[in-house]
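One structure below.
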Amino acid sequence: MAHDKYVSPLSTRYASSEMQYIFSPDKKFRTWRKLWIALAETEKELGLDITDEQIEEMKAHAEDINYEEAQAREKIVRHDVMSHVYAYGLQCPKAKGIIHLGATSCYVGDNTDIIIMRDALRLVRKKLVNVIAALAHFADEYKDQPTLGFTHFQPAQPTTVGKRASLWLNEFVLDLEEVDHTISQLKLLGSKGTTGTQASFLELFDGDLDKVDRLDPMIAQKMGFSSCYPVSGQTYSRKVDTFVLNTLGGIAASAMKMATDIRLLQHLKEVEEPFEKTQIGSSAMAYKRNPMRSERICSLARYVMIDVLNPAVTSGTQWFERTLDDSANKRLSVPEGFLAIDGILDLCLNVTDGLKVYPKVIEKHLAAELPFMATENIMMDEVKMGGDRQEFHEEIRELSMKAGRRVKEEGLDNNLLDLIAEDPKFHMTRKELDKYIDPKKYIGCAPHQVEKYLAEVIWPILDANRDALGMTAEISC
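Read in order, the letters of the sequence shown are residues 266 to 742 in our numbering.
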């Protein structure tokens, strides 16, 4: 690798080779040739004077792109599409005159962009399904493990480790639904001409509107799409890019939420992301185990969520039938949004597949807070024995504040139950009070909710996508 030029870290550090190929020049130019073949075949089927021999010649050179000729031509004409038309024509002398017939540059450019986004979304979908699978198994394994719940990052009613994971899981499931919707809504531009009127094709087909109407659906079918957008200017609406990037932004937000929770849990030493045997957490502090993968998820997620603004602004600033201020921005924002989300999903897969849980630490944190949470049940039982609720409420409030000061100001253990046992107003021994601090008394329906959610939502999703399962992700740096 050259060290004297900038190279995007999305390529060198974060994105997979699979995603990088989808946005590679080779993928783009091979798709151009497939589109030119589809156009020629359709024009022949609709009656234009194009021969089977010409089409077969084009098919014979669909993959062996003569890049050197294309690059040399582009230096002269300064036009990438016409340079590749020229290079293709060198390889296909019989078909040279009918390649790109009637089309404008956006026929190959925009249709290829749609195809590439569809293929990239399919890879995103596959990785998302595998993240869901890893989280599902984690949630199932820890559905019964009580843990301290937090609201406002303050101790709250206990939940379970698995139930908390189901919250992360559900957000990714919502993202999967959005990915499926976005893929299902993608259409080709088709062959619309320079201002979207198909004037060149009306001329080619001698004014036969029926043949012009049949052109786009036939091309779409050949390229694996159900249809083309019914109307357009020279390009497909840039709002489509907005929808696609919004979908990626949603995944980024879900990943950031999960990764942030993991970072906080790692600070509490309750849950830890994977940590390699030879990994160094800090150059100065040898003992540190920083949540670098989760931090990287959050960092890349911010990039993707901000990137969503690019196609939105581009969509709103397209003048009339076409301007070119979309091009430079689109070349950056769409590929880099996908490369970043690809890196995020690989990190998510790596993290969720290797999360380490520390039950003893979790139990210690619970033990410190459960006496406070037990007071309502203690108070209710005292009332059942004939006590006055308001009097017991006030007494517990005062004892709780005393125990709280002991914990916060003196750094000692929570002795609230000892204080209650010693208080003559209460009628329970210290041993009798122990029954109130069983964590499972306070987790409500959490285990059942996880089981029900997995059974009704997650396992059916994974069963329907079993052919996509089995992915893992190694993080090399």
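Backbone N, C-alpha and C fix where the C-beta goes; we use that ideal spot for every residue, glycine too.
Exercise. Measure how close the beta-carbons of Leu275 and Ala605 come, nearest whole angstrom, since I'm counting them as under 8 Å.
Key: 6 Å
Practice problem: Leaving aside the five residues before and after Lys542 along the sequence, list all residues of the same chain whose C-beta is less than 7 Å from its C-beta, in chain order. | Solution: At Lys542 the pLDDT is 44, less than 50, meaning the model places this residue with poor confidence and gives no usable figure here.
Exercise. If I'm right that Arg338 touches Tyr353 with Cβ under 8 Å, what's the distance once you round it to whole angstroms?
Key: About 11 Å separates the two Cβ atoms, so there is no contact after all.
Practice problem: Using the Cα positions of Cys563 and Asn594, report the straight-line distance between them to the nearest angstrom. | Solution: 24 Å
Practice problem: Let me know the secondary structure DSSP gives Pro761 once reduced to three states. | Solution: The question about residue 761 has no answer, for the chain in this structure spans 266 to 742.
Quiz item: Under the rule that 16 or more other beta-carbon atoms within 10 Å means buried, what is Ile571, buried or exposed?
Solution: exposed
Self-check item: Rounded separation between Phe585 and Thr459 - CA only
Solution: 12 Å
Exercise. Alpha carbon to alpha carbon, how far is Ala335 from Ile325? Give it in angstroms, no decimals.
Key: Reading the sequence as shown, one finds Ala at residue 325 and not Ile. Straight-line Cα distance between these residues: approximately 18 Å.
Quiz prompt | Own chain partners of Tyr623 with C-beta closer than 8 Å, once the 5 adjacent residues on each side are dropped | solution = Lys534, Glu535, Val536, Glu537
Quiz item: For Phe603, which option in Arg390, Glu436, Phe466 has the closest C-alpha, if you only look at C-alpha atoms?
Solution: Arg390
Quiz item: Based on the DSSP output, what are the partners of Cys357 in its beta bridges?
Solution: Note: Cys357 sits in no beta bridge, so no partner.
Quiz item: Considering Ala415, what are the terminal residues of the beta strand (DSSP E) in which it resides?
Solution: Sequence check: residue 415 is Phe here, not Ala. Per DSSP, Phe415 belongs to the beta strand (DSSP E) from 411–416.
Practice problem: In the DSSP assignment, find the alpha helix (DSSP H) that holds Trp297 and state where it starts and stops. | Solution: 290–310
Quiz item: From this set, Ser431, His268, Thr296, Ala280, which residue's C-alpha is nearest Asp607's C-alpha?
Solution: Ala280
Practice problem: Kindly indicate the opening and closing residues of the alpha helix (DSSP H) around Gln285. | Solution: 282–287
Quiz item: By the 10 Å Cβ neighbour count, where 16 or more other Cβ atoms means buried, how is Leu589 classified, buried or exposed?
Solution: exposed
Quiz item: Does the distance from the CB of Val438 to the CB of Gly514 come in under 8 Å?
Solution: no
Practice problem: Could you name the residues that DSSP lists as bridge partners for Val622? | Solution: Val536
Practice problem: State the CB to CB distance for the pair Thr507 and Ala577, rounded to an integer number of angstroms; the pair is presumed to be in contact (CB under 8 Å). | Solution: 5 Å
Quiz item: In whole angstroms, what separates the C-alpha of Met347 from that of Asp611?
Solution: 38 Å
Practice problem: Please work out which residues of its chain come closer than 6 Å, Cβ to Cβ, to Ile380, disregarding the five sequence neighbours upstream and downstream, and give them in chain order. | Solution: Thr296
Practice problem: Measure the C-alpha to C-alpha separation of Ile726 and Leu441 and round it to an integer number of angstroms. | Solution: 10 Å
Quiz prompt | Nearest-angstrom Cα separation, counted from Thr412 out to Ile685 | solution = 24 Å
Practice problem: Tell me the start and end of each unbroken beta strand (DSSP E) in the stretch 629–668 that is at least 3 residues and wholly inside, in chain order. | Solution: none
Quiz prompt | Cβ separation of Lys359 and Glu306, assumed to be a contact under 8 Å, to the nearest whole Å | solution = Contact doesn't hold; Cβ gap of about 15 Å is too wide.
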